[in-house]
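Using my numbering, you'd call the opening residue of the sequence shown number 441 and step up by one each time.
Even glycine gets a Cβ: it sits at the ideal position worked out from N, Cα and C.
For reference, the structure is listed below as C-alpha cells.
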Amino acid sequence: MSNQLDIRIDVSRARSGAVTSAHGVTADELREIEPRVLKAHEQLLREREEKKYGFFDLYKHDAVFADIREKAAHFSSFGYENLVVLGIGGSALGITALNTALNLPYWNMLSRAARKGRPRLFVMDNIDPDTFKVMMRLCPPKKTLYNVISKSGETAETICQLLIIVEKLEKEVGAAAMKDHLVVTTSPKGPNAPKSLLHPVAETYNLVSFEIPLNVGGRFSVFSPVGMFPAAMLGMDLDGLREGCARMDIRCSLPSVTLNSAYLRAVYHYLLDTRKGKHIAVMMPYSDALRDIADWYRQLWAESLGKRFAMDGTEVFAGQTPVKALGATDQHSQIQLYREGPNDKIITMIDVQRFSSTLKVPDVLPQISGVDYLRGKTMNRLMNAEFLGTMDALKASHRPVIRITFPRITPSTVAQLLYMLEVETAMAGKLYRVNAFDQPGVEEGKKNARKRMGGE
Ligand code: PA5
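Below, the structure written as C-alpha cells:
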C-alpha cells in the first residue's frame, strides 16, 4: 500500500523541544510510559480476540456490507427525494460527519442531478419541535425514506420522533406501505440483548431491519449499519471506506508508541492532560468538509473518557474536555484565547494538501494597493498560509499542537481518521484506567427524563 494515500500524524510541535518541557512531552516521559502502553496493547488485542469490542472489525463484515448494499439498492429504486435519520448521539454523528466530508457542500440545496439521483439528508438528532415540524414540511412521507436508529431502542428522543413519523406515515402512505418508507437499525434480538422497542415496530409493519452488534457502542458504530446504510443510500464508496479502515488497522495494530498513530496521539493527550495541565483537547480542521468529524470526535472523546470511577472503583473524575473549532474561520474567534489565554489545551490541527477545487484570485481592482500578495495566487494557497502561520504562532506561544495531514479528502482517508480516533480512544481509556465503552452518566439523565414524563 502506498504512503501517498495515508493521512500523516506529526507530533513534533507537542514535544518539549518545540514548546518547552512545561508544555510538551519529553523523551523521558515517552520512555517511561512505553511499558504501560505495550501492556495495554496486549490487553486490547486480547479483548479484540475475545470479541469484547466489536468496533475494530466492523469493516471486515462482508455479509453485513453485502446486505447493506442490497437493501440500499432496493430502497434507491424508489427514487426518494429525502433520507431522514431519526437518532441521537452515536446514532447520528457518524453519518453527519461522513456526509459533510464526502458529499458536495450544500448537499440538500443541490439539484437531484448534481446529487446523482441520491436523496437529500436530514439527520434529526434533537427534539426541537420547530426544527422537526419544518423537516416534516420539507420531507413529505411519500417522497421520503426514514431510518430510525437506536441501539437500546428506548431512547426517549428517538422514540418520540418515531411516534410522530409513524402516525404521519399511517395517514399518508398507509400501514401496508410503511415497509417502503421506514427502516429500523437497532440491537439484535436475543436473551442477552436489550429489549428494543423497535423490534415490535419492525414486526408490526414488516420493516427491513439492520442490527447493531451488542459489542459495538453507539459512538463506535459508524462502520456498522448505523453509518453504512445511510452512507450507501447517499452513494458513498463503501469499499473506499473499508479500505481506509484496513489501512489504519494495520498501523494501529503495531505494538509501538511511535509507529502506531493511535497510541501516539493517545499518549500525548494523556500525558499533556495529566502532567502539563492540558485539560482541553481542541480539534481544528482547516477544511469545511472535515468540520463535522470534529463534532463526532467531541462525543467520542467526552463520553468515553469522562468518567467518575476508574476500573478498580476509585474515584478519579477523569477526562479531557474536547472542543471543536474550524480553520480559518475560528482564527477570528478562538485563536486569541488559544494563544494568550490559559495554556491548558492540546490542539489538533488538520490540513488538506489537495482540495478538490482550485480557486484562483483574479488580478482585478488595480486601484487598490496592498493586496498584491493575493492577486494571481489561489484561495488554496491562502488557506495553507493561514494554517502554517497559525501553527507557527501557537508554537511561539508554547502551545502544543498535533498536526494531521490529509493528502486529499477521500473515503479512504476519512475512514483512516475515524478508525484511528476510535483506537486512540480505546487506548486512552486504558491509560486513564477507565471503561471507555460505557456511559453511566448519560443513562441516569435518560432515566430521569423518562420519570419526569410519567414513565417508569
Ligand atoms: O455512544 C453512545 O452509546 C450514546 O451516545 C448513544 O449513541 C446515544 O445515547 C443514543 O443511544 P441509542 O442508540 O441507544 O438510542
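Per the Cβ contact rule, the segment 579–589 is in contact with the segment 623–634 (3 or more Cβ pairs under 8 Å). Apart from the 5 residues on each side of it in sequence, F505 sits with its Cβ closer than 8 Å to the Cβ of M668, L678, R682 in its chain, given in chain order. CA-CA distance, S852 to S452, rounds to 25 Å. Between V606 and F562, the C-beta spacing is not below 8 Å.
Of all C-beta pairs linking the segment 764–773 to the segment 721–735, three or more are shorter than 8 Å, placing the two stretches in contact. K785 is the residue among N888, E612, I449, K785 whose C-alpha sits nearest the C-alpha of T714.
Rounded to whole angstroms, the separation of the alpha carbons of V854 and G684 is 7 Å.
A distance criterion of 7 Å places the beta-carbon of R659 in contact range of the ligand PA5, judged by its closest non-hydrogen atom. Judged by DSSP in its simplified three-state form, L799 adopts coil rather than helix or strand. Checking the DSSP bridge columns, you'll see K591 has no partner listed. DSSP lists N522 as the beta-bridge partner residues of T584.
The beta carbon of G527 sits closer than 7 Å to at least one heavy atom of the ligand PA5. The DSSP-derived three-state label of F496 is helix.
Using a Cβ-Cβ distance cut-off of 8 Å, the segment 596–603 and the segment 536–551 are not in contact, since fewer than three pairs of beta carbons, one from each stretch, lie closer than that value.
Rounded to the nearest angstrom, the Cβ distance from M860 to C692 is 6 Å, consistent with a contact under 8 Å. When DSSP assignments are scanned along the segment 609–675, the uninterrupted stretches of alpha helix (DSSP H) that are 4 or more residues long and fall wholly within it turn out to be 638–645, 665–673. Closer than 7 Å to some heavy atom of the ligand PA5: that describes the Cβ of E743. The nearest non-hydrogen atom of the ligand PA5 is less than 7 Å from the C-beta of G530.
Taking non-hydrogen atoms of the ligand PA5 into account, the C-beta of S796 is found less than 7 Å away from none of them.
In this structure, DSSP gives V756 an extended state, which the three-state scheme calls strand. Cβ-Cβ distances below 8 Å link L699 to R691 in the same chain, with the five nearest sequence neighbours on each side left out; the list follows chain order.
The criterion of a C-beta distance shorter than 8 Å is not satisfied by P640 and I652.
Residue pairing for A721: DSSP places it in a beta bridge opposite P762, I786. When DSSP states are grouped into helix, strand and coil, M831 belongs to the helix group. In the structure shown, Q776 falls within a helical segment according to DSSP collapsed to helix, strand and coil.
In the three-state DSSP reduction, K747 falls in the strand class (E or B).
Inclusion of Q879 in the 7 Å shell around the ligand PA5 follows from its C-beta lying nearer than that to a non-hydrogen atom of the ligand. Note: V841 is bridge-paired with I787 in the DSSP secondary-structure output.
For T595, the shortest separation between its Cβ and any heavy atom of the ligand PA5 lies below 7 Å.
In the structure shown, the three-state DSSP call for P475 is helix.
Cβ-Cβ distances below 8 Å link R890 to A596, E896 in the same chain, with the five nearest sequence neighbours on each side left out; the list follows chain order.
When S592, I844, P475, L871 are compared, the shortest CA-CA separation from T788 is found for I844. The residue from Y813, P847, T798, S744 with its alpha-carbon nearest to that of V804 is Y813. In the three-state scheme derived from DSSP, where H, G and I count as helix and E and B as strand, I449 is classed as strand. The secondary-structure analysis by DSSP pairs T818 across a beta bridge with K800.
Proximity to D502 across T644, G457, F663 peaks at F663, based on C-alpha coordinates.
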